[in-house]
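> Have a look at the structure that comes next, please.
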Amino acid sequence: MTAVDGDQTTGDTYDARALQDKWQARWAAELPFQADTDPGDTRPRSYIVDMFAYPSGDLHMGHAEAYAIGDVIGRYRFQRGDNVLHPVGWDSFGLPAENAAIKNNSHPAEWTYANIETQAASFRRYGIAVDWSRRLHTSDPEYYKWNQWLFTRFFERGLAYRKDGQVNWCPKDQTVLANEQVVQGRCERCGTDVVRRSLNQWYFKITDYAQRLLDDMDQLEGGNWPDEILAMQRNWIGRSTGADVDFAIEGRDEPVTVFTTRPDTLYGATFFVVAADADLADELCAPERREAFEAYRSDVAKLSDIERQTTERPKTGVFLGRHAVNPVNGERMPVWAADYVLADYGHGAIMAVPAHDQRDLDFALAFDLPVRVVVETGEADPAETGTATAGEGTLRDSGPLDGLGKTEAVQRIIGVLEERGTGRGTINYRLRDWLLSRQRYWGTPIPIVHCPACGQVPVPDEQLPVTLPELKGAELAPKGVSPLASATDWVNVDCPACGGPAQRDTDTMDTFVDSSWYFLRYISPGLDTAPFDTAAVNEWGPVDHYIGGKEHATLHLMYARFFTKVLHDMGMVSFTEPFRRLTNQGQVINQGRAMSKSLGNGVDLGREIDAYGVDAVRLTMLFASPPEEDVDWADVSVVAAQKFLNRAYRVMNEAGAASKPGADPAAGDADLRRATHHAIDQVTNLIESKRFNVAIARVMELVSAARKAIDSGPGAADPAVREAAEFVAVSLSLFAPYVAEEGWERLGHTGTVAVGNWPDADPALLVQETVTCVVQVQSKVRDKLSVAPDIDPAELERLALASEKAQGFIGDKQIRKVIVRAPKLVNIVVG
76 MTAVDGDQTT GDTYDARALQ DKWQARWAAE LPFQADTDPG DTRPRSYIVD
126 MFAYPSGDLH MGHAEAYAIG DVIGRYRFQR GDNVLHPVGW DSFGLPAENA
176 AIKNNSHPAE WTYANIETQA ASFRRYGIAV DWSRRLHTSD PEYYKWNQWL
226 FTRFFERGLA YRKDGQVNWC PKDQTVLANE QVVQGRCERC GTDVVRRSLN
276 QWYFKITDYA QRLLDDMDQL EGGNWPDEIL AMQRNWIGRS TGADVDFAIE
326 GRDEPVTVFT TRPDTLYGAT FFVVAADADL ADELCAPERR EAFEAYRSDV
376 AKLSDIERQT TERPKTGVFL GRHAVNPVNG ERMPVWAADY VLADYGHGAI
426 MAVPAHDQRD LDFALAFDLP VRVVVETGEA DPAETGTATA GEGTLRDSGP
476 LDGLGKTEAV QRIIGVLEER GTGRGTINYR LRDWLLSRQR YWGTPIPIVH
526 CPACGQVPVP DEQLPVTLPE LKGAELAPKG VSPLASATDW VNVDCPACGG
576 PAQRDTDTMD TFVDSSWYFL RYISPGLDTA PFDTAAVNEW GPVDHYIGGK
626 EHATLHLMYA RFFTKVLHDM GMVSFTEPFR RLTNQGQVIN QGRAMSKSLG
676 NGVDLGREID AYGVDAVRLT MLFASPPEED VDWADVSVVA AQKFLNRAYR
726 VMNEAGAASK PGADPAAGDA DLRRATHHAI DQVTNLIESK RFNVAIARVM
776 ELVSAARKAI DSGPGAADPA VREAAEFVAV SLSLFAPYVA EEGWERLGHT
826 GTVAVGNWPD ADPALLVQET VTCVVQVQSK VRDKLSVAPD IDPAELERLA
876 LASEKAQGFI GDKQIRKVIV RAPKLVNIVV G
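The sequence shown maps to residues 76 to 906 in our numbering.
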């Protein structure tokens with residue numbers, strides 16, 4: 076690492092590596108960023124949390140942006156004098172570690188903890204202001220013990236349960252995936268096409284909280300959370316109002332219930348569809364249709380849910396040889412199995428109204444089934460056009476509903492169904508229960524023992540944690556069942572209830588369980604009697620500001636919200652939402668595309684830091700765009716950031732050499748003082764609104780103003796220059812902490828610049844005595860006037876027309892129009 080514009084720290088240059096080494100050691104010794112847990116501390120508390128890092132290797136460019144953003148927010152609260160809690164930890168269970176262990180014939184812990192130490196060193200190097208005393212690793216037994224404890228509490232409340240069901244299966248990783256972990260039909264981790272399998276799995280009953288997850292979004296509105304994230308969660312939860320309708324099935328004792336949002340169209344139902352992979356389809360299939368059904372079902376198992384629901388695929392299905400009975404008119408309706416209905420939506424079956432639902436119409440036309448219009452919309456017959464009329468209109472051919480509009484018809488038919496006992500008004504949700512069991516090793520063992528006599532028995536609290544047995548290398552290879560099943564000495568245990576022979580559950584928990592409550596553990600990380608200290612959590616929580624990627628909108632964020640609500644119901648937290656404010660960062664791309672080895676456009680963070688220094692990389696990242704927008708590394712200049720930091724360093728160094736702390740800035744240059752206090756006011760407001768790039772621009776302007784005052788004004792000894800230089804140091808501590816610390820020290824201060832030094836702007840210095848008005852002729856600048864900010868537009872026009880410079884360009888031309896935008900612009904149009 077060479078110095079910026081030189082090879083050592085002098086009055087004109089700084090050596091980035093030397094400053095990094097110096098101030099890392101100072102921070103490690105003085106611990107300025109540790110939170111004060113003393114209940115008597117009366118300072119405002121600020122709890123700032125960055126989304127967990129996964130230890131897959133060293134920090135990369137995406138980390139550089141995300142953690143720089145969180146660090147600015149945390150450092151600003153330190154500067155404002157808050158008692159700040161800004162912890163760090165690692166989401167250290169998961170498939171990458173396990174796959175690496177299989178490849179390297181090692182234990183996942185070796186790869187995991189080596190990478191954690193690498194990342195921890197990089198965090199320190201990158202200047203992240205965190206409380207290292209609260210460091211967490213979710214793969215530590217001291218942490219995952221409490222995953223198991225919480226699972227047991229959920230189990231006792233009926234919120235953790237096991238059932239058979241159709242699941243998403245990744246053939247490569249040999250494990251099930253939650254719906255949220257399937258992206259465009261592929262495993263989000265490895266990209267393999269996902270298939271459907273029937274397995275007995277563990278679930279969390281998140282659907283019990285669907286309405287509360289919707290209702291409590293009121294707390295997150297108004298800019299606290301991005302509107303895009305709230306919309307994504309609402310869509311994922313998918314609340315629908317409608318009716319459950321009971322259809323008798325010929326030859327079956329119990330009716331089959333379907334959910335519909337349009338019960339008013341019941342008279343238009345002409346056939347009945349069951350999800351091909353639902354147990355109901357297997358049950359309803361007539362013997363003579365068995366062979367055709369089994370072949371079709373095998374084909375459907377190869378498709379993902381997204382593929383099954385796309386409108387671009389031709390509709391497929393098989394007749395099951397049975398009929399349902401429409402409860403409103405008694406008509407017999409053929410029962411089909413099809414792939415466009417999902418087993419886990421509603422009740423896994425639908426009434427098909429092809430005239431008014433496009434997917435039903437496509438199916439009807441493919442298999443020559445009847446199409447009956449019962450809502451008159453004025454559009455052409457769907458059977459002829461191939462386009463369903465899905466809008467509202469007037470009911471027809473619908474018995475007691477004829478002539479009614481949709482709203483009234485829905486209420487009327489629900490009343491009829493309830494009176495007959497064949498249906499009822501209800502609410503349905505798209506949200507499915509959280510499938511949490513995984514058939515892999517490197518995760519939290521599920522603390523359940525399966526006893527032939529007692530059934531599912533939780534491991535007693537005093538026996539937690541259930542730690543992982545020692546397996547490594549080929550022993551971890553996926554086999555379709557968990558590798559834990561092969562550890563017979565670990566699996567075979569006595570039943571905690573009856574003492575008889577029993578077996579441990581061999582699945583492990585989804586790693587999203589680990590990250591659904593870690594922000595609570597940070598507050599009391601060493602506690603060994605509970606997952607967290609409830610009193611302390613209620614003092615610090617909820618998290619004031621949470622920073623991370625929007626790719627977790629329907630995964631981690633939804634699960635953390637669910638966990639918080641359950642914990643609230645258990646009396647363990649006093650709040651119902653985990654994160655008051657959420658900031659999502661964009662991506663760091665290169666040449667307009669995501670960084671990729673295959674594209675050859677990857678950028679190595681470590682090499683960038685070696686070449687330019689941490690401060691220049693951080694400043695470049697933050698100056699490039701607002702936090703939520705992408706940063707294209709090809710379009711930025713780290714060299715330009717480097718040069719600016721050197722200019723800022725020289726201003727601080729020269730002011731420190733020429734004067735001592737304590738001089739009254741009121742005796743200094745009035746123009747520079749006004750510039751400084753305008754900068755304080757603007758940067759404060761810009762940081763509060765997360766416009767970090769504009770805040771940096773204002774600091775750059777202040778450095779230029781101070782440089783001008785030093786070179787051609789009152790000089791470096793002027794108290795106003797010192798005041799400006801001190802705010803440069805304080806504000807740069809958010810973005811470029813090493814240069815800021817060194818500059819603060821050279822200004823004669825002891826202690827860190829990073830805590831409690833943010834000044835307040837003097838309101839008297841924010842009042843503009845004059846502003847510059849640009850005078851244009853034919854939209855070209857011809858003069859500039861100094862005028863009062865509240866000047867009357869008519870007076871401003873008079874002054875502009877009287878300008879000698881402007882008159883020289885008007886000459887004898889006729890003035891056609893004068894455009895006045897007081898107090899900053901007058902444009903004289905001539906012709």
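Note that beta-carbon positions come from the ideal geometry of N, C-alpha and C, so glycine has one too.
Checking the sheet assignment: what are the DSSP bridge partners for Pro409?
BP columns for Pro409 point to His398.
> Could you check if Gln889 is buried or exposed, using at least 16 other CB atoms within 10 Å of its CB as the buried criterion?
That one is exposed.
> Could you work out which residue in Asp858, Gln843, Thr187 is closest to Ile866 when comparing CA atoms only?
Of Asp858, Gln843, Thr187, the residue nearest in Cα terms is Gln843.
> Sort Asp437, Phe168, Ser131, Pro183 by Cα distance to Ala195 and report the nearest one.
For Ala195, the nearest C-alpha among the options comes from Ser131.
> Taking Cβ to Cβ, would you say His161 is nearer than 9 angstroms to Ile123?
Contact flag set, yes.
> May I have a chain-ordered list of the beta strand (DSSP E) segments no shorter than 3 residues that lie completely inside the region 438 to 504?
Runs found: 498 to 504.
> For a cutoff of 9 angstroms on Cβ pairs, would you count Arg272 as touching chain C?
You won't find chain C in this structure, because it holds only one protein chain.
> For Tyr430, which beta-bridge partners are listed by DSSP?
Rather than Tyr, the amino acid found at residue 430 in this sequence is Ala. In the DSSP output, where bridge partners are listed per residue, Ala430 has none listed.
> Going by beta carbon distance, what residues of the same chain come within less than 7 angstroms of Thr586, once the five residues before and after it are set aside?
Closer than 7 angstroms at the Cβ level, and outside the excluded window around Thr586, lie Asp166, Phe168, Gly169, Gly518.
> In angstroms with no decimal places, state the Cα-to-Cα distance between Leu94 and Leu546.
About 45 angstroms.
> Below 9 angstroms between beta carbons: does that hold for Lys625 and Leu288?
Contact: no.
> How long is the line joining the alpha carbons of Gly530 and Asn567, rounded to whole angstroms?
Computed Cα separation, rounded: 15 angstroms.
> If I follow the unbroken alpha helix (DSSP H) through Gln194, where does it start and stop?
First-last of the alpha helix (DSSP H) with Gln194: 183 to 200.
> Within 10 angstroms of the Cβ of Lys859, are there 16 or more other Cβ atoms? Answer buried if so, exposed if not.
With fewer than 16 other Cβ atoms within 10 Å, it is exposed.
> Do you know how far the Cα of Asn902 is from the Cα of Val257?
Using only the alpha carbons, I get a separation of about 59 angstroms.
> What did DSSP end up calling Val320 once you bin it into helix, strand or coil?
Strand.
> Spatial neighbours of Val828 within its chain, please: C-beta separation below 7 angstroms, excluding the five flanking residues on both sides.
Closer than 7 angstroms at Cβ, skipping near neighbours: Ala804, Val805, Ser808, Ala815, Glu816, Trp819.
> For Gly480 and Gly468, I'd like the C-alpha separation in whole angstroms.
So the alpha carbons of these two residues sit roughly 6 angstroms apart.
> Restricting to runs no shorter than 3 residues, where is the beta strand (DSSP E) found entirely within the region 589 to 664?
Listed in chain order, they are 620 to 623, 657 to 659.
> With a threshold of 8 angstroms, are at least 3 pairs of Cβ atoms found where one atom belongs to the region 412 to 424 and the other to the region 349 to 361?
Segments in contact, yes.
> What number of angstroms, rounded off, separates the C-alpha of Ala869 from the C-alpha of Asp887?
Spanning the two alpha carbons is a distance of roughly 22 angstroms.
> Are Ala730 and Glu801 touching if we call contact CB-CB under 9 angstroms?
In contact: Ala730 and Glu801 (Cβ atoms closer than 9 angstroms).
> Going straight from the alpha carbon of Gly616 to that of Leu697, what length do you get?
Whole-angstrom Cα-Cα distance: 28 angstroms.
> What is the residue span of the alpha helix (DSSP H) that His753 lies within?
Segment 745 to 763, the alpha helix (DSSP H) holding His753.
> Nearest to Tyr219 by CA position, among Arg327, Gln514, Pro520, Val147, is which residue?
Measuring from the Cα of Tyr219, the nearest candidate turns out to be Pro520.
> Looking at Pro544 and Trp565, is the spacing between their C-beta atoms short of 9 angstroms?
Contact flag set, yes.
> So, under 8 angstroms CB-CB, Phe322 and Ala399 are touching, yes? Tell me the CB distance rounded to an integer number of Å.
About 4 angstroms separates the two Cβ atoms, so the contact holds.
> What is the DSSP secondary structure of Met307, counted as helix, strand or coil?
Looking at Met307 - three-state DSSP - the assignment turns out to be helix.
> Since Thr250 is in the alpha helix (DSSP H), which residue starts that stretch and which ends it?
Counting along the chain, Thr250 falls outside any alpha helix (DSSP H), though it belongs to the beta strand (DSSP E) covering 250 to 252.
> Quickly, what does DSSP pair Gln384 with across the bridge? List them, please.
None; Gln384 has no bridge partner.
> As a quick exercise: from Ser473, Val242, Val450, Asp477, pick the residue whose alpha carbon is nearest that of Ala465.
Of the listed residues, the one whose Cα sits closest to Ala465 is Val450.
> Going by the beta-carbon positions, is the gap between Asp437 and Lys390 smaller than 9 angstroms?
Contact flag set, yes.
> Between the C-alpha atoms of Val652 and Arg636, what's the straight-line distance to the nearest angstrom?
In the sequence on display, residue 652 carries Glu and not Val. The straight-line gap from Cα to Cα measures roughly 6 angstroms.
> For Gly500, which residues of its own chain have a beta-carbon under 7 angstroms away from its beta-carbon, when the five flanking residues on both sides are left out?
Ala318, Ile489, listed in sequence order.
> Rounded to whole angstroms, how far is the Cβ of Ile622 from the Cβ of Ile148, which I believe are closer than 8 angstroms?
Rounded, the Cβ-Cβ distance is 7 angstroms, consistent with contact.
> Any chance you could list the beta strand (DSSP E) runs of at least 3 consecutive residues sitting entirely within the region 556 to 593, in chain order?
Runs of the beta strand (DSSP E) inside the region 556 to 593: 567 to 569, 576 to 579.
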